[in-house]
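Numbered per this note's numbering, the sequence shown spans residues 47 to 170.
Think of the CB as a built atom: it goes at the ideal place given N, C-alpha and C, for glycine as much as any other residue.
Reviewing the structure listed below.
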Amino acid sequence: MERPRADLTNEFLLGITTLSSGGRTTVPKQVMEVLKLRYTPQKREKLLWLQEGDEIVVRKGTLQSSFRKTILSRDGTAAVPKHIMKVLKLESTLQKEERVIWVGKGDEIIVRKGTPHSNLAFGL
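Right, here's the structure in full:
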C-alpha cells in the first residue's frame, strides 16, 4: 500500500508494534486512549477491524459487534483477525517478524503493515 507523500500530512504515528507468532499484537497506549479502551475483568473491551477502501480502520467495538472484532486482553494485546492479516499480507511465523503501524488520521485509527522504509515516512 504505497501512499503519496502528500497523504501523510494529516496523519500522525500512534505506535509501531510487532505481530507475534500467534497472530497477536500489542495495542499502543495512544490507541487505547483515543478509542477509550480500558481492560476490566467485568467488561470485555472489543476492537472492530474494518476494511474501508484500501485502508484498515480500527474502532471500539460493541457487544453486538460482528465476527470482525477481537477482545482486548489483560496484557494490552489483541488478535489480528485472519481476514485483516490476509489483506495486509501479514504472516505470523517464528522466522519472520512483522511490524504493524498504528496511525491516527483525523478521528480514525488506521493500521498498516510495517515496511523497512516505514520509519522514514514519519521522521523516526
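In this structure, the CA atom of R84 is about 12 angstroms from the CA atom of P74.
Per the C-alpha coordinates, the member of E144, V133, L140 and R145 positioned closest to V103 is V133. Classified as exposed, K128 has fewer than 16 neighbouring CB atoms from the shown chains inside 10 Å of its CB. With a threshold of 16 other beta carbon atoms within 10 Å, E91 meets it and is buried. With contacts defined as CB atoms closer than 7 angstroms, G150 and F58 qualify as a contacting pair. The secondary-structure analysis by DSSP pairs K159 across a beta bridge with V146.
At least 7 angstroms separates the beta-carbon of L118 from that of R105. Pairing A125 with S66, the inter-Cα distance amounts to about 9 angstroms.
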